[in-house]
Amino acid sequence: MRDGTDVVHERASLTNKFAGKSPGPPSNRENVTGIGGFFFRAKSSGVDDWYEKHLGVRKAGKEYDDGSWWQDEGPTVFAPEYDDAQVGGQEHSWRINFRVKDLDAMVAQLRAAGLSVKVDAEKYPNGRFAHLRDPDGNSIELWEAAGADLVRQRKEIE
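Quick note, in UniProt numbering, the sequence shown goes up one by one and the last residue is 158.
As structure tokens, then:
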């Protein structure tokens with residue numbers, strides 16, 4: 001069993017390993033800074049209530065002054081899927097991945113609410129994953145980050 005000092009040393013090691021500049025687009029052009037919204041067609045009414053109740057994603061307000069859901073800063077993967085199974089079959093065209101701090105606690109909470117959640121048995125270098133579906137059958141992936149994605153590079157691009 002690992003103690004707290006092991007985790008501190010592991011994070012320090014990862015911070016040192018990934019402290020350099022992130023490869024990416026040239027710094028002399030404008031780039032997007034993150035995901036500002038995710039919009040999808042819903043078949044069932046109340047899907048936004050389901051996301052708010054079970055995953056804590058605040059639903060969109062009725063007025064502009066109501067504000068939006070604020071997510072924690074962290075890594076985001078933006079990638080096309082070429083395998084229909086990854087998005088839940090041909091009738092679905094997207095899959096969303098939500099970061100979680102404690103996958104086991106989140107899975108226990110969802111299962112206690114009567115939801116079916118499948119936890120991947122494999123532990124990947126970038127973390128652990130679990131899968132569930134929303135009321136419309138859309139694929140949701142939960143991700144507890146590890147490795148390079150656990151450590152945020154804080155060095156400014158020069």
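By construction, the Cβ of each residue, glycine as well, lies at the ideal position given by its N, Cα and C atoms.
- Around the C-beta of A108, fewer than 16 other C-beta atoms lie within 10 Å, and the residue is accordingly described as exposed.
- Under the Cβ criterion (8 Å, minimum of three pairs), the stretch 112-122 does not count as touching the stretch 69-77.
- The shortest CA-to-CA distance from R133 to any of E81, Y51, V151 and D120 is the one to Y51.
- P135 sits close to V47, with the two beta carbons spaced by under 7 Å.
- Here DSSP, grouped into helix, strand and coil, assigns R128 to strand.
- Between D49 and K59 a beta carbon distance of about 7 Å is seen, short of the 8 Å cut, so the two are scored as contacting.
- Exposed is the label assigned to I35, since fewer than 16 other Cβ atoms lie within 10 Å of its Cβ.
- For W50, the uninterrupted alpha helix (DSSP H) run begins and ends at V47 to L55, by DSSP.
- Counting only residues of its own chain and dropping the five nearest sequence neighbours on each side, L110 has a CB closer than 7 Å to the CB of H54, V117 and L132.
- When rounded, the separation of the alpha-carbon atoms in W94 and L142 is 14 Å.
- DSSP places L142 inside the beta strand (DSSP E), whose first and last residues are S139 to A145.
- For a cut-off of 8 Å, the C-beta gap from A145 to P75 is around 6 Å, short enough to register as a contact.
- Taking the CA atoms as reference points, D102 sits about 14 Å from G56.
- In the three-state scheme derived from DSSP, where H, G and I count as helix and E and B as strand, R111 is classed as helix.
- In the DSSP annotation of this structure, the continuous segment of the beta strand (DSSP E) that includes R95 starts and ends at R95 to R99.
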